[in-house]
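K.L.:
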Amino acid sequence: MTTIDPDTLTHFAPDGAALSDKVILITGASDGIGKALAIRAAALGATIILLGRSEKKLSAVYDAIVESGGPTPVMLPLDFLKADGGVYLSIAEQIKADFGRLDGLVHCAGILGEMTDIEEYDGTIWQQVLHVNTTAPFALTKVCIPLLKTAKGAVVF
């Protein structure tokens, strides 16, 4: 039987170095994993584009990044439930105008929906869950592909 030393699974990059000069768009950046990732990536030197539905929560993440000395982030308040294709395209155009590229796109936004038997599940809520968790990330990724190619960037779902 092979055992794995847990210390070999952890890597700590020095703050302000590993992601220096990288531009990363994080959806769901106002809370949970997205928030934690945004703060840590900024500490590693990345300029973070914070996308989330709560402007108040995004402002708190923005402030935390600025107060910790990270690069000034960009806030994009957006509710995926209310967004359409034109909104995604305008986001990509703005990123191109401001940065000329996108080094990373991380999809952390998501909704759970209802915890119920499928036979009782509301069809409208099901469509909302699919839109936020699948359709919106697809649409945003699609319009950002040229920016990601320019930077040889990556997408994480």
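With our numbering as the guide, the letters of the sequence shown map in order to residues 3 to 159. Cβ atoms here follow ideal geometry from the backbone N, Cα and C, with glycine treated the same way. Since we're looking at a predicted model, the values are computed, not measured.
1) Can you tell me whether DSSP reads Ile113 as helix, strand or coil?
2) Looking at Lys98: is its Cβ nearer than 8 Å to the Cβ of Leu132?
3) What are the residues that DSSP puts in a beta bridge with Val25?
4) Ordered along the chain, which non-local residues of its own chain (more than five positions away) have a Cβ less than 7 Å from that of Gly87?
5) Helix, strand or coil, according to DSSP, for Leu149 in the structure here?
6) Are there 16 or more other CB atoms within 10 angstroms of the CB of Leu78, so buried, or fewer, so exposed?
7) Quick check: the Cα distance between Ala20 and Glu121, rounded to an integer number of angstroms?
8) For Gly155, which residues of its own chain have a beta-carbon under 6 Å away from its beta-carbon, when the five flanking residues on both sides are left out?
9) Using the C-alpha atoms, what's the distance from Asp23 back to Phe82?
10) CB-CB under 7 Å to Gly30, same chain, minus the five flanking residues each way: which ones, in chain order?
11) Residues bridged to Leu107 by DSSP?
12) On the DSSP bridge list, what partners appear for Gly34?
P.N.:
Answer, in terms of the structure:
1) coil
2) no
3) Thr49
4) Ala141
5) helix
6) buried
7) 48 Å
8) Leu104, Asp105, Gly106
9) 28 Å
10) Gly36, Gly54, Cys110, Ala111, Gly112
11) Leu27, Val157
12) In DSSP, Gly34 forms no bridge with anything.
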